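Each protein sequence line maps, in turn, to chains C, R, F and D. The numbering of the first sequence is this note's numbering, which starts it at 2 and goes up by one. The numbering of the second sequence is this note's numbering, which starts it at 2 and goes up by one. The numbering of the third sequence is this note's numbering, which starts it at 2 and goes up by one. The numbering of the fourth sequence is this note's numbering, which starts it at 2 and goes up by one. Note that CB positions come from ideal geometry on N, CA and C, so glycine has one too. Note that the structure is predicted; figures quoted are calculated from it, not measured. Report on the structure given below.
Protein chains: 4
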Amino acid sequence: MVSRTGPKRSESIRRAVLDAADDLLVERGFSGVTMEGIAVRAGVAKQTIYRWWKSKVDILLDTLVDDAEQPLAWRPGSSPAAPEEELTDQLGRVAAFLQEPAGQVLLSLIGHAQLDPETAAKLRDGFLREQRERDLAGLGALLARHTGRPVDERLTGRLLDAALGPIFHQALVLGRPADPATLATTARLVLDAAGREPVPGAGRSSDAE
Amino acid sequence: MVSRTGPKRSESIRRAVLDAADDLLVERGFSGVTMEGIAVRAGVAKQTIYRWWKSKVDILLDTLVDDAEQPLAWRPGSSPAAPEEELTDQLGRVAAFLQEPAGQVLLSLIGHAQLDPETAAKLRDGFLREQRERDLAGLGALLARHTGRPVDERLTGRLLDAALGPIFHQALVLGRPADPATLATTARLVLDAAGREPVPGAGRSSDAE
Amino acid sequence: MVSRTGPKRSESIRRAVLDAADDLLVERGFSGVTMEGIAVRAGVAKQTIYRWWKSKVDILLDTLVDDAEQPLAWRPGSSPAAPEEELTDQLGRVAAFLQEPAGQVLLSLIGHAQLDPETAAKLRDGFLREQRERDLAGLGALLARHTGRPVDERLTGRLLDAALGPIFHQALVLGRPADPATLATTARLVLDAAGREPVPGAGRSSDAE
Amino acid sequence: MVSRTGPKRSESIRRAVLDAADDLLVERGFSGVTMEGIAVRAGVAKQTIYRWWKSKVDILLDTLVDDAEQPLAWRPGSSPAAPEEELTDQLGRVAAFLQEPAGQVLLSLIGHAQLDPETAAKLRDGFLREQRERDLAGLGALLARHTGRPVDERLTGRLLDAALGPIFHQALVLGRPADPATLATTARLVLDAAGREPVPGAGRSSDAE
DNA sequence: CGCTAATCGAGACGGTACGTCTAGTCTTGGC
DNA sequence: GCCAAGACTAGACGTACCGTCTCGATTAGCG
């Protein structure tokens, strides 16, 4: 196939579509985001959108990649001696992120993933998998500094669930931001559990999977 | 105005509608549940459904009340001496419940609540609030038996989040059932934290065990 | 309304239903007449209406019998010497009748008869057939007085069509009352034709059916 | 803004819809014509119909324009010397037309016009007005040939009512086709009346409006 | 510089479900 | 047993988006 080129994909259209979707989500909620509405708002023909995205979910996933990675990054601790404060801060950033527009996109997509397996697959194989890897690395390093020894990855995974679980539980199930007291309690719980855990290879039966 | 009576609401129709909605959710997913589809499946006229329910969300909320309360109930411990096992069992029942049809209804409604504020309000003011009260009572009693003294209700609330958070996090965010190891780790974490907490008004807890 | 007469049909309900139907037709037009609306307006249950009438058409047919016969009656001529004026007057009464509520009922029913064969059958076998008999008798007597000899009934029928046709044509097709000039022209036409017609039994071929 | 064009309205769909409506009217009567039924029968989406027509009445009106004009046209007389035969033929064509599918459409619409003022307005301002103009021109020319002088237009109008009235009266009120004898009688009546009328300007008072 | 392939706006089209409406039947209980 | 109240089945209504498609108008680079 000889690539006789024509005009190239318009970057301004891509941005206009992503922005329109984002705006509509904030203004009218997830069901207020429609392909037709995005097209009108972005000043673009429907077919132009369908040429580049399969669905509104794909559009929102694109906005997520642009907007969510940085706010959820693990910051290197300013004071290496205070892992509990560092963990509490990180959990606070996660909780705060969920209140912002980009966080609303994430919550909406997680919500929609409960209703549509295809969304679930795309979300989990894409953004969520990568974010979990970053979280595992960040928490693993923090725990290692805290305990003075490397931490088993499966244990890190369970502690990550213990750390993030309450935040997402409150956001998704109770529909409210996690309060600071919960974050502090959670951080201490996780660090205590990590300190009490045996050295890898000498695990107690209850840790076995 | 004298209340001249007419025919009464048909209970068999009510059940047929709830069952049809439940079946459709399991077979075709949330978007496969439509008012029209429910009407056909239940062998009932659409108008009859609209007479009693405003939307498919309202129908699913009704199925929850019918079908979710019992499986999520806290069972009185057969052996008062083993609260850890009792808590693990309870968490196991919650995790198992989420795999069943009624649990899928709950997950779908929580998902839809992220997309629609009205659904969120109904779900949280209805089933979720009552279920949380039952959970607080159940966990509170268990912790009291475990620690030998009454437990502060706000603390119970945070520990309930710590207990349920990982389960819902895995179900909603990771899209998989919570594994037994996570449940056991979680149960121990919660009980340890409760044991370490100070008696109300009796000084701060130390880091040491 | 204390109609404690037991299993007898309530005459007051019959009147209330007919009046309600009539009023609704005038106020909201034919499509504004619904069984439900009649029931509400008459302060009567739907089933009570269905017990006695099959449809709103049957109700309107009942009102027609009550209200249309008298205004369409042929009046004995005050002055026997002026059949043209007498005929013009009669046609004027018909035209005027069609402007009144009862006339609107008739026009509506004729209209509906074009759309529904059952209505057509009931209307033509009932009111219209009887009215045509009265018209044939009235016009026949008038023509006999005018020509001085009995007039063939088939010819009377054709002349009746010639007399009424323009009135109904203007009402039904043009949607306006027949103007006096048309009525006068029509009356003269009919009388001239009757005068020119041969004695029964010596008819020209064009009169044969 | 340059006017970018899109696809044009499909003529084949337009015909399919008109045909479907026509067929349904003949097969199932006016109430058997539904937007939904037309859509199914024409193999077309409902929304496509609503894009171009407001109601089934509008569709039927369109079929009239397509199908009724030609059969109701006044044919130039082959033999200028026989206006009576020519008029009888024309009236015969009208009567025959009312028996055909397109004529049933017209009768149905006239019927519905009695029940719905909007239908009445559309029908009279559209097809009926234009048809009346054609009829006035046709009858006017015929009468001029018959009498040897131009005929007053208002008189032509009244004679047109006298000619068409009986036909529509029999069709709409009596529900049967006009018989040949009636047509012949009517034609002769009309021509006689035209011949007897005075020259314009010397009219009798009864012709004045 | 013109050919050609792509992008793009506009919008017609077949679908599916929506939530509403009225008709006509059936059920219950008061009188 | 008559009646009011109203639940119920049935099915058309007109609307909203969906995702696909066709139609020209408009760009770019390749030759």
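I want to see whether chain F comes within less than 7 Å of D:PRO201, judged by CB atoms only; does it?
Unreliable placement is indicated for D:PRO201, whose pLDDT of 47 sits below 50; the coordinate value is still reported in the next sentence. Not one chain F Cβ lies under 7 Å of D:PRO201.
Quick one: does F:ALA195 have its CB under 7 Å from some CB of chain D?
It does not: the Cβ of F:ALA195 has no partner Cβ on chain D nearer than 7 Å.
Cα separation between D:ASP24 and D:ALA69?
Computed Cα separation, rounded: 15 Å.
Looking at the C-beta of C:THR120, does it have a partner C-beta in chain R at a distance below 7 Å?
No, its Cβ sits nowhere closer than 7 Å to a Cβ of chain R.
Less than 7 Å between the C-beta atoms of F:THR64 and F:VAL95, yes or no?
No; because the gap between Cβ atoms is not below 7 Å, this pair is not in contact.
Counting Cβ pairs, one atom from each stretch, are 3 or more of them under 8 Å apart for the region 116-127 of chain F and the region 141-148 of chain D?
Output reads no: the region 141-148 of chain D does not touch the region 116-127 of chain F.
Of all Cβ atoms in chain C, is any one closer than 7 Å to the Cβ of R:ASP162?
So, interface residue.
With DSSP as the reference, label C:SER13 as helix, strand or coil.
It is helical.
Any C-beta of chain R sitting closer than 7 Å to the C-beta of C:SER56?
False, the Cβ-Cβ gap to chain R never drops below 7 Å.
Can you list, in chain order, the residues of the region 27-53 of chain F whose Cβ is nearer than 9 Å to any Cβ on chain D?
Cβ contacts with chain D: GLY30, PHE31 and SER32.
Could you tell me which chain D residues have their CB closer than 8 Å to the CB of F:ASP117, listed as they occur along the chain?
By Cβ distance, chain D contributes GLY30, PHE31 and SER32.
Pull out every residue of the region 102-115 of chain C whose Cβ sits closer than 8 Å to any Cβ of chain R, in chain order.
Answer set for the region 102-115 of chain C: LEU108, SER109, ILE111, GLY112, HIS113, ALA114 and GLN115.
Just by C-beta distance, which residues in the region 130-145 of chain R are closer than 9 Å to chain C?
Hits within the stretch, in order: ARG133.
Would you say the region 186-194 of chain F touches the region 82-101 of chain F, given that touching needs at least three Cβ pairs under 8 Å?
Flag = yes, the region 186-194 of chain F and the region 82-101 of chain F touch.
Buried or exposed: C:LYS57, going by 16 or more other Cβ atoms within 10 Å of its Cβ?
Buried.
Just mark R:GLU210 as buried or exposed, buried being the case when its beta carbon has 16 or more other beta carbons within 10 Å.
For R:GLU210, the pLDDT reaches just 34, beneath the cut-off of 50, and the residue's location in the model is therefore unreliable, although a value from the coordinates is still provided. When all chains shown are included, R:GLU210 counts as exposed.
Threshold first: 4 residues or longer. Then list the alpha helix (DSSP H) segments lying entirely within the region 48-81 of chain D, N to C.
Qualifying alpha helix (DSSP H) stretches, in chain order: 57-68.
Is the beta carbon of F:LEU73 sitting closer than 7 Å to the one on F:PHE98?
It is a contact, given that the beta carbons lie within the stated cut-off.
Quick one: is D:SER32 buried, meaning 16 or more other Cβ sit within 10 Å of its Cβ, or exposed?
Exposed, by the Cβ-count rule.
Which ranges would you report for the alpha helix (DSSP H) in the region 105-142 of chain F if only whole runs of at least 4 residues count?
Here the runs fully enclosed are 118-124.
Just the Cα atoms here: how many angstroms apart are R:GLN171 and C:ARG133?
The alpha-carbon atoms of R:GLN171 and C:ARG133 are separated by roughly 12 Å.
For F:HIS170, which residues in chain D fall below 7 Å Cβ to Cβ?
Neighbours of F:HIS170 on chain D, chain order: ASP162, LEU165, GLY166, PHE169 and HIS170.
Helix, strand or coil: which one does DSSP assign to C:LEU99?
Correct three-state label for C:LEU99: coil.
Going by beta carbon distance, what residues of the same chain come within less than 8 Å of F:ASP162, once the five residues before and after it are set aside?
No residues qualify anywhere along the chain.
Less than 7 Å between the beta carbons of C:THR157 and C:LEU184, yes or no?
Result no, Cβ atoms of C:THR157 and C:LEU184 do not sit closer than 7 Å.
Can you tell me whether DSSP reads F:ASP180 as helix, strand or coil?
Looking at F:ASP180 - three-state DSSP - the assignment turns out to be coil, as it is neither helix nor strand.
Count the other CB atoms, across all protein chains shown, that sit within 10 Å of the CB of C:THR89; report buried if there are 16 or more and exposed otherwise.
So C:THR89 ends up on the buried side.
By DSSP, does F:ARG42 sit in helix, in strand, or in coil?
Of the three classes helix, strand and coil, the one that applies to F:ARG42 here is helix, per DSSP.
Is there a C-beta anywhere in chain R that falls below 7 Å from the one on C:THR64?
No, its Cβ sits nowhere closer than 7 Å to a Cβ of chain R.
Looking at R:LEU108: is its Cβ nearer than 7 Å to the Cβ of C:GLN115?
For R:LEU108 and C:GLN115, yes; Cβs fall inside 7 Å.
Can you pull the chain D neighbours of F:THR183, defined as C-beta to C-beta under 7 Å?
Within 7 Å Cβ-Cβ: ARG159 and ASP162.
Put C:GLY204 into one of helix, strand or coil per three-state DSSP.
Because the pLDDT at C:GLY204 is just 38, under 50, the model does not fix this residue reliably, and the point stays unresolved.
Report the CB separation of C:ALA17 from C:GLY44 in whole angstroms; it is logged as a contact under 8 Å.
Correct: roughly 7 Å between the Cβ atoms.
What in chain R is Cβ-close to C:GLY176, meaning under 8 Å?
Residues of chain R passing the Cβ test: ALA114, ALA121 and ARG125.
Helix, strand or coil for F:GLY30? Go by DSSP, reduced to three states.
F:GLY30 falls in the coil class under three-state DSSP.
Mark F:GLN91 as exposed unless 16 or more other C-beta atoms lie within 10 angstroms of its C-beta, in which case mark it buried.
Buried is the call here.
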